[in-house]
Structure formats: structure tokens, C-alpha cells
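Peer 1:
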Amino acid sequence: MDHFSRDILEDRKPRTPGEEGLADMRVLAAMAQSIRDGRAVQLNE
Numbered sequence: 001m002d003h004f005s006r007d008i009l010e011d012r013k014p015r016t017p018g019e020e021g022l023a024d025m026r027v028l029a030a031m032a033q034s035i036r037d038g039r040a041v042q043l044n045e
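Counting from 1, position 22 in the sequence shown corresponds to residue 22 in the UniProt record's numbering; the numbering is continuous, with no gaps.
(1) Between the Cα of P14 and those of D2, V41, Q33, M31, spot the shortest distance and give me the residue it belongs to.
(2) Put L22 into one of helix, strand or coil per three-state DSSP.
(3) Measure the Cβ-Cβ separation of V27 and Q33 and say whether it is below 8 Å.
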């Protein structure tokens, strides 16, 4: 997170693309839904 903030402040390209972070968030959301629903969740749901 520190690197990302510094990249924004210094107008540099981030080390990790936003698409990768979005994919990570989708996985975390599916995990949370799986826990709530008590079932396996496909990432495309």
C-alpha cells in the first residue's frame, strides 16, 4: 500500500496493475459469500 501511495504522489506507474488488485478483490468477495452462504461459490457468480 505504501508503494501505491508513493506512486500516486510521484506520478509513477504502480508496480501492480489495478486489474490484479480487482481480481484479488473478486476472490475475497467470493470467499466472503461462500462463508455467509455455507457453500462453494464460483468466481463468475
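Each residue gets a CB set at the ideal place from its N, CA and C atoms; glycine is no exception.
On a predicted model such as this, the values are computed, not experimentally measured, just so you know.
Peer 2: So, from the data block:
(1) D2
(2) helix
(3) no
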